[in-house]
Amino acid sequence: FAGRKEVDAALLDELEELLITADLGVDTTLHLIQALKEKLKRRELGEVARLKAALKEEMVALAKGPPPKEITSRPWVVLLVGVNGVGKTTTIAKLAHQDRQQGLTPLLIAADTFRAAAVEQLEIWGQRVGAPVIKQKSGADPAAVVFDGLAAALARGVDKIYIDTAGRLHTKVNLMEELKKIHRTAAKKLPGAPHEILLILDATTGQNALNQARLFQEAVGVTGIILTKLDGTAKGGMALAVAHETGIPLRYIGVGESLEDLRPFDAEAFAAAILG
Amino acid sequence: RLSDKLAAVFKKLKGRGILTEVQVDEALREVRLALLEADVNYKVTKAFIERIRQRAVGEEVLRSLTPAQQVIKIVHEELTQLLGGESPRLDLSGRPPVALMLVGLQGSGKTTTCAKLARRLKSQGRQPYLVPADVQRPAAIEQLKRLGADCGVEVYPTKAGQNPVDIAAAAMEAAYTAGYDTVILDTAGRLHIDGALMAELKAIREKVAPKEILLVADAMTGQDAVQVGESFHDLLKLTGVILTKMEGDARGGAALSMREVTGRPIKFLGVGEKLDALEPFHPDRLASRILG
Ligand SMILES: Nc1nc2c(ncn2[C@@H]2O[C@H](COP(=O)(O)OP(=O)(O)OP(=O)(O)O)[C@@H](O)[C@H]2O)c(=O)[nH]1
Ligand SMILES: Nc1nc2c(ncn2[C@@H]2O[C@H](COP(=O)(O)OP(=O)(O)OP(=O)(O)O)[C@@H](O)[C@H]2O)c(=O)[nH]1
Ligand SMILES: [Mg+2]
Ligand SMILES: [Mg+2]
């Protein structure tokens, strides 16, 4: 918008480029531009500043979701899911760190029994955070790790339990079935669990984020989304379409590789970062 | 689907005689939308559409009995040509050991791909040596050690706290002494906007002069592919790109963006989590996938 004085076709073109380049996607971008055009027709937006404010409002409206679930039981079990490499393991560490800072006791269950050194990675994070990590030997059935892990956690009496799962592409039916089994097993061991199912999305991802959200939602139900790697140059605009279409609340953003690099999702700040 | 959308565009014009530029414009608009939905970068898409506009308003479409198919054919040909064109083979020339360096954003699949390449080279009769130069990510060294063990390839014994540049140099020495002919360097994931870490990659490059500097990128990358490709290429002079997680349903438009901004060939595709899941790149197949 910099330096533009008039609201004209050229400005709308520029806006289209801005939004598409922020990964909002064609449908969402056209929808937003159309909403602006309607307002323009009704002479509701004379100058650029008002146009920008109106656009920001529309984007915030897309991003807004229901408030986070109230923590109503102890332990509160959180299952983290998502495709490969998006930041699940690191995000668990950040969430557990946040708990510790609030005086809560988190415990981590290493249910990624497939990937090389996945358990070791979570163990190192557990040591740094000060959270015990429950694991079994590599190749174990993840559902069994969750079952036994929950049993052990219940015996210890902790506030929060985080279950780290292996990355999996949403298109892999057998892996999605495995995830459903993990979900059922947790519920069997502890009615109501998992209380939260957090989908981790990588901000550098394009339109595939929608497919990911749809299929994970369909498989196990998702109660919240965490958008990672927003410390890069990617704007994560696909989160708007995801939030709008699935109704899943955007809970946090990851902004780095350290324990403190987690912030609550702020729709205003998110839209402002995209609009510049 | 693009072919249906184009058929609809040209159906409206049936019986009106020859096509006009306006109608071809509408067809090009559909192509543009398809590319954007496939995650091809906005500017890259724009340039591509301009490039094919010449052919699209030419005789081959205007006189065609099946203009929709003709447009698809043109787009597919142009995409294939853009995506391919150069040798996708690894440059393993020169006095051994030859170094291959894998770089990229966090979580893109570098460590796994290092092991996949090692396994492939071993099956081709070479003597690869894996080098963990990521001392930042928890258990990264252990991860590569495990993968090395899985494919029977030796791994340099990196110790935590060592400097990646020193690790690379020492590993080349060790490889030379032990008679390995190919050193595969795994580096820590990093942001292209992290000046210090990008400088570290440059320092490694100066130290060991790799024959290949491969950008490992996630197939689901969106518009940011341009920034990432440009930054890594400007600083390091990449020799190629490897796209991972291609067995999923990401359309893979990022591949076109990266090819455009780096001018470098896509050499391999990662198509799974197991170490045998590495395929040579086929431009025509990716062209079809991007078009949807
Ligand atoms: N820059 C940045 N890097 C991140 C962020 N979150 C995670 N990472 C990095 O992304 C990489 C992958 O993180 P992991 O936690 O291993 O991801 P994962 O989803 O558990 O991966 P898999 O278990 O293999 O599927 C690591 O290098 C992390 O340090 C973030 O918010 N910003
Ligand atoms: N589905 C699929 N997963 C892959 C592929 N390549 C790698 N992965 C997975 O992606 C995740 C990240 O892989 P890594 O090799 O740890 O990625 P990285 O780039 O080394 O990560 P950092 O070192 O943290 O930057 C792991 O879960 C891998 O198993 C692939 O081709 N397909
Ligand atoms: Mg993990
Ligand atoms: Mg790695």
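So the protein sequences, as listed, match chains A and B. Reading the first sequence from the start, the letters are residues 10 to 285 in my numbering. Reading the second sequence from the start, the letters are residues 8 to 299 in my numbering. Glycine included, each C-beta is placed from N, C-alpha and C at the ideal position.
Unbroken beta strand (DSSP E) run spanning residue i, endpoints
i	result
B:M1	This structure does not reach residue 1 of chain B, given that chain B is present from 8 up to 299, and the question cannot be answered.
A:K169	169 to 173
B:V78	Careful: B:V78 lies outside any beta strand (DSSP E), inside the alpha helix (DSSP H) at 74 to 90.
A:I118	115 to 119
A:L271	271 to 273
A:Y261	259 to 263
Beta-bridge pairing of residue i - partner residues as DSSP gives them
i	result
B:L285	B:G277
B:T194	B:A140
B:V223	B:I249
A:L5	Residue 5 of chain A lies beyond the stretch modelled for chain A, which goes from 10 to 285, so this question has no answer here.
A:P151	According to DSSP, A:P151 bridges with nothing at all.
A:V142	A:L117
B:T5	No answer is possible for residue 5 of chain B: the residues shown for chain B start at 8 and end at 299.
B:P135	B:T189
Residue of the options minimising C-alpha distance to residue i
i	options	result
B:L89	B:E219, B:T228, B:G260, B:S10	B:G260
B:V16	B:R8, B:E33, B:H199, B:T27	B:E33
B:P171	B:L222, B:D46, B:E213	B:E213
A:T214	B:L112, B:S10, B:E149, B:P287	B:L112
B:A140	B:Q134, B:E149, B:G132	B:E149
B:V105	B:Q61, B:G202, B:Q134	B:Q134
A:G74	A:D108, A:H253, A:V35	A:H253
B:L9	B:M253, B:V78, B:V278, B:A177	B:V78
B:L109	B:E85, B:L282, B:R296, B:A224	B:A224
B:V59	B:K218, B:D173, B:I81	The residue asked about is misnamed: residue 59 of chain B is Ile in this sequence, not Val. The residue with the shortest Cα to Cα distance from B:I59 is B:I81.
A:V251	A:L33, A:A162, A:E23, A:L39	A:L33
A:R272	A:L41, A:T242, A:L117, A:K103	A:K103
B:L192	B:D173, B:L198, B:H199, B:A203	B:D173
A:K97	B:E85, B:P95, B:G114	B:G114
A:K78	A:E269, A:W134, A:K190, A:R260	A:R260
A:V308	A:A44, A:Q43, A:L54, A:V35	Outside the displayed span of chain A (10 to 285) sits residue 308 of chain A, for which this structure offers no information.
B:R271	B:R292, B:V248, B:A257, B:G168	B:V248
B:L35	B:P164, B:L97, B:T52, B:D46	B:T52
A:R165	A:A63, A:I262, A:R83, A:L224	A:R83
A:D173	A:G201, A:I206, A:T180, A:E186	A:I206
A:P141	A:G233, A:I118, A:R177	A:I118
A:T180	A:A218, A:I283, A:K146, A:A19	A:A218
B:E37	B:K18, B:N48, B:L13	B:L13
A:Q226	A:I235, A:G241, A:L208, A:T242	A:L208
Proximity of residue i and residue j at Cβ, strictly below 9 Å
i	j	result
A:K48	A:L21	no
B:A226	B:L276	yes
A:R193	A:A152	yes
A:I92	A:Q221	The residue you asked about is not Ile; residue 92 of chain A is Val in the sequence shown. Yes.
A:P115	A:K169	yes
A:K190	A:A160	no
B:F239	B:H289	no
B:G299	B:E44	yes
A:D211	A:K244	no
Extent of the continuous alpha helix (DSSP H) to which residue i belongs
i	result
B:R266	260 to 269
A:F123	A:F123 -> no alpha helix (DSSP H), and no H or E assigned at all.
B:K123	117 to 130
B:T165	Taken as a continuous stretch (DSSP letters only), B:T165 belongs to no alpha helix (DSSP H), as it is neither H nor E.
A:T30	18 to 30
A:Q107	97 to 110
A:T194	182 to 198
B:H240	232 to 243
A:H40	35 to 50
A:P76	Per DSSP, A:P76 belongs to no alpha helix (DSSP H) and is neither H nor E.
B:S295	290 to 298
A:G256	Per DSSP, A:G256 belongs to no alpha helix (DSSP H) and is neither H nor E.
A:E277	276 to 284
B:A146	That residue, B:A146, is in no alpha helix (DSSP H); it is neither H nor E in DSSP.
B:L13	9 to 18
CB contact check: residue i to chain C, cutoff 9 Å
i	result
A:N183	The chain inventory of the structure shown lacks chain C, comprising the protein chains A and B.
Quick one: complete alpha helix (DSSP H) runs, 4+ long, within the stretch 201 to 252 of chain A?
-> Residue ranges of uninterrupted alpha helix (DSSP H) with 4 or more members, entirely inside the stretch 201 to 252 of chain A and ordered along the chain, are 217 to 229.
Which full runs of the alpha helix (DSSP H) of 4+ residues lie inside the stretch 167 to 217 of chain B, going along the chain?
-> Positions of the alpha helix (DSSP H) runs, each at least 4 residues long and wholly inside the stretch 167 to 217 of chain B, are given as 171 to 185, 202 to 215 in order along the chain.
Runs of alpha helix (DSSP H) lying entirely within the stretch 38 to 78 of chain B, each at least 4 residues, in chain order = Within the stretch 38 to 78 of chain B, the alpha helix (DSSP H) runs of at least 4 residues that lie entirely inside it are, in chain order, 49 to 63, 66 to 69.
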